[in-house]
Ligand code: ACO
């Protein structure tokens, strides 16, 4: 494979280096193209464009491989814990026992929110969507933690990273409690990350939450599966927001806003709604025909990068069976619909030709519902887990010597220059 690529246009020839990562396709470095040939490239949706160099996550979409800092997601989901994966994403290596103890302590002791912060929630309508609360509340963190908003100070960057990982479960649980009309439950330092979150969501004054190791483990694994996914839409949003020097709390709020959309993190909520709408195995052929007629999309199916089975979907499917068995919902009719729908789609030429496979969201909705969460909370849980990925990517960007403000160009297709016309003569 050549080490350079050449573009010839209007009598000018530009030779550009071809860069190679540890894995993945070669990348043409077009940085000098505009300066030397006076042309831009056009790539809506960034299907052929790398926006940065990164050492955090690698995806091979054709093979269905996902690695965090080199470790396969299947091994992390099976053998690690969410907090250990957080350390790995943030620092680049798995922690030794002492490093993990310190990290665990740091996260645990940052879970509380400023007392005034709780009053902030009262400004929302009583039935506000929990994602609407998340966008506002996480952005508001920058109004409470001024002492860690200087992005040029490495120590402040680390403190804000810890604060975000630690406080996100507390904020997410409050968004849920507010939506439910129940009193807030404060974090407890003697519980694990996932246990603490489940207790803050499901404990009520009349009845404390009883830990269930199978469900706690499942929650922790679901967090691991969503922890990072390289330069997806919300992560790119966080990087772009952060490229101007904005503080990390504001950048993560921008990421949450992007995640909310049904083509991204909102798909888990939509996937469950879709399964409920189909309702029974008998209705699947009719529904699949509607997809092929392009009346709607199969939610939880397809991915920009995976043209094979999403490795997270396999782990999620297994977790789904474990959770449903634990709560006695093995016969959940929606699980039957999901499994049959997957079978039908994977053997239908429409999906096979387009390489459409289940993504992580296909089974996550049924699993989260069995854990006790309403559909409105699904994307919130995704945001909670993805916070570590966002903040690790943000930190990597700030520390990258090549970092510049992100500023794409455009092809202008609007009106040509023209003179202003007074209103009476228009
Ligand atoms: N159902 C039916 N057809 C689909 C689907 C789907 N879920 N996804 C893609 N297609 C079809 C498109 O119609 C298109 O067909 P065509 O070439 O005949 O026009 C082809 O597959 C390619 O689709 P694009 O939209 O170009 O693919 P893109 O990479 O832009 O989209 C996306 C990726 C947004 C994830 C898409 O597959 C989708 O909308 N899926 C459903 C929503 C979803 O599950 N999102 C979660 C993504 S994973 C995550 O965020 C955790």
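Numbering (my numbering), first residue to last: 130 to 555.
C-beta atoms are modelled at their ideal positions from N, C-alpha and C, and glycine is treated no differently.
Remember, predicted model here, so these are calculated numbers, not experimental data.
Task: For residue 528, three-class secondary structure by DSSP - done: coil
- [ ] Find the nearest neighbour of residue 217 within the set 549, 480 and 357, judged by alpha-carbon distance.
- [x] 357
TODO: Throw me the rounded Cβ distance for the residue 524 and residue 286 pair, which I believe falls under 8 Å.
DONE: 6 Å
- [ ] Provide the residue span of the beta strand (DSSP E) that contains residue 189, from first to last.
- [x] 186-189
Open item on the list: Please identify the residue among 390, 309, 326 and 272 whose C-alpha is closest to the C-alpha of residue 298.
Closed with: 326
Task: Helix, strand or coil at residue 451 according to DSSP, with G and I counted as helix - done: helix
TODO: Check whether the Cβ of residue 396 sits closer than 6 Å to any heavy atom of the ligand ACO, and report yes or no.
DONE: yes
- [ ] Flag this pair as yes or no: are the beta carbons of residue 263 and residue 514 separated by less than 7 Å?
- [x] no
Open item on the list: Is it buried or exposed, residue 226, if we count other Cβ atoms within 10 angstroms and call 16 or more buried?
Closed with: exposed
TODO: Tell whether a beta-carbon distance below 7 Å holds between residue 509 and residue 301.
DONE: yes
Task: C-beta contact flag for residue 330 and residue 362 at 7 Å - done: no
Task: Contact the stretch 488-496 vs the stretch 399-406: 3+ CB pairs below 8 Å - done: yes
TODO: Report yes if the C-beta distance between residue 141 and residue 166 is below 7 Å; otherwise report no.
DONE: yes
Open item on the list: Once DSSP output is grouped into helix, strand and coil, what is the label at residue 196?
Closed with: strand
Task: residue 273 in three-state terms, based on DSSP - done: coil
TODO: Determine the burial state of residue 416: buried for a count of at least 16 other Cβ atoms within 10 Å of its Cβ, exposed for fewer.
DONE: buried
- [ ] Using 10 angstroms around the beta-carbon of residue 543, count the other beta-carbons present and answer buried if the total reaches 16, otherwise exposed.
- [x] exposed
Open item on the list: Using 8 Å as the cut-off, can you tell me whether the stretch 476-484 makes contact with the stretch 310-327, which would need three or more C-beta pairs spanning the two stretches below that distance?
Closed with: no
- [ ] Flag this pair as yes or no: are the beta carbons of residue 378 and residue 270 separated by less than 7 Å?
- [x] yes
Task: Span separating the alpha-carbon of residue 190 from that of residue 475 - done: 17 Å
TODO: Could you please give the first and the last residue of the uninterrupted beta strand (DSSP E) stretch that includes residue 241?
DONE: Run containing residue 241: none; DSSP gives neither H nor E here.
Open item on the list: Closest to residue 150 by C-alpha separation, out of 173, 186 and 248, would be which residue?
Closed with: 186
Open item on the list: Less than 8 Å between C-beta atoms, sequence neighbours within five positions excluded: which residues of the same chain meet that for residue 289?
Closed with: 274, 277, 278, 376, 377, 378 and 520
Task: 8 Å Cβ shell around residue 162 - same chain, five flanking residues per side excluded - done: 136, 143, 145, 168, 169 and 170
Open item on the list: Please tell me whether, using a cut-off of 6 Å, the distance from the CB of residue 428 to the nearest non-hydrogen atom of the ligand ACO is below it.
Closed with: yes
TODO: Measure the CB-CB distance between residue 469 and residue 410 and report whether it falls below 7 Å.
DONE: yes
Task: beta-carbon residue 303 near the ligand ACO non-hydrogen atom, thresh 6 Å - done: no
TODO: Measure the beta-carbon distance from residue 557 to residue 280 and round it to whole angstroms, keeping in mind my assumption that it falls under 8 Å.
DONE: Because the chain in this structure spans residues 130 to 555, residue 557 falls outside the shown range and cannot be described.
Open item on the list: Taking the straight line between their C-alpha atoms, what separation do you get for residue 383 and residue 251?
Closed with: 22 Å
Open item on the list: One question on the structure: do residue 353 and residue 205 come within less than 7 Å of each other, judged by their Cβ atoms?
Closed with: yes
Task: Selection from 248, 369, 547 and 478 that minimises the alpha carbon distance to residue 180 - done: 369
Open item on the list: Please give the ranges of any beta strand (DSSP E) in the stretch 298-345, keeping only runs that are unbroken, at least 3 residues long and fully inside the region.
Closed with: none
Task: Backbone CA spacing between residue 266 and residue 332 [nearest angstrom] - done: 22 Å
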